[in-house]
Structure formats: structure tokens, C-alpha cells
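So our numbering is basically just the index in the sequence shown, starting at one, shifted up by 54.
Backbone N, C-alpha and C fix where the C-beta goes; we use that ideal spot for every residue, glycine too.
Every value quoted in this text rests on a predicted model; they were computed, and no experiment measured them.
This report refers to the structure that appears directly beneath it.
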Amino acid sequence: MAYHCNIPEKQVPREFTSKEKSDIRTLMRFVEVYCREKHVLEKSPFTFNKVDVKLIRRKDLVLCRECTKLLRYGLTMRLKCPHDPKPMCKKCATQCYKGQYRSKIREIMKFSGIYLVKRGRLDMLYHYLK
């Protein structure tokens, strides 16, 4: 399934709060796990002008084209979130993610969360129980 993201990328990166960094890092990790385990397509380093990946995580993020588009959309939605404090997306009344993006990100969160918990990341279990 192809995802189209018509959100312009040309924007200067800004400083993020520690909560934003944590949310961005988590979203990147979940999409990375999903892409690595589910997609064998050609992959390339993830880039996004709104987020300097090297400032958020220590290593490069390599994704297929589909996951790259979805992650760009997800990061844009996170950075545009009007709520402070930001609730978990599944509990939010606003529902920023539209149509196919919402169903795909839910699939990714479910798969990657279970995958990480099974491999000893108990902090992900805490995230689910919140």
C-alpha cells in the first residue's frame, strides 16, 4: 500500500523538548522494527528536513520508501500536536492521523510493541499500560 504525504519538507529544524525527543525516538524505533521485520524492499537512509535524525538517535535509520513516507507523516503530526501535555494518540479526541495512516500506524505500534516486549524491552510494556 502506498502512502502519499503532501507535507512540505523544507523547514529549518528547531529545538525539541525532551518529551518531543522521546516521542520522536519511540516513533522512529517502532517504524524501524516494523520495516526491518516486515519489508524486504530496497531501503535507504531516512532523511527529513524537520528532524535531524543524528540529534535524536546515534545511528542511521534505514527504511523502505513506504515506511519513510509514513514516518515523515507521523513526525509531522507529532510536531504539529496542539496538546500540552500530549496524550497518547489512541486516547486523543483530536485524531490527527487520517484514514490509511491511522490504520497503518496502529498496526505498526501493535506489532513493534509486542516485538520489543518479547525481546526484553519491558519499558514498552509500561508504555502500553499507561
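Option in 104, 125, 152, 156 with minimal Cα separation from residue 84: Among 104, 125, 152, 156, the Cα nearest to that of residue 84 is on 125.
For residue 98, the residue or residues it bridges with in DSSP: 117
is_contact[residue 146, chain B] using C-beta, thresh 7 Å: In the structure shown, chain B does not exist; there is a single protein chain.
Own chain, CB closer than 6 Å to residue 56, minus 5 neighbours either side, in chain order: Residue placement at residue 56 is poorly supported in this model, since its pLDDT is 44, which falls under 50; the coordinates are not used for a value here.
Simplified DSSP assignment, three categories, for residue 73: Looking at residue 73 - three-state DSSP - the assignment turns out to be helix.
Status (buried if at least 16 other CB within 10 Å, exposed otherwise) for residue 105: buried
Residue 142, DSSP secondary structure in three states: coil
Residue from 112, 159, 146, 131 whose Cα sits closest to the Cα of residue 120: 159
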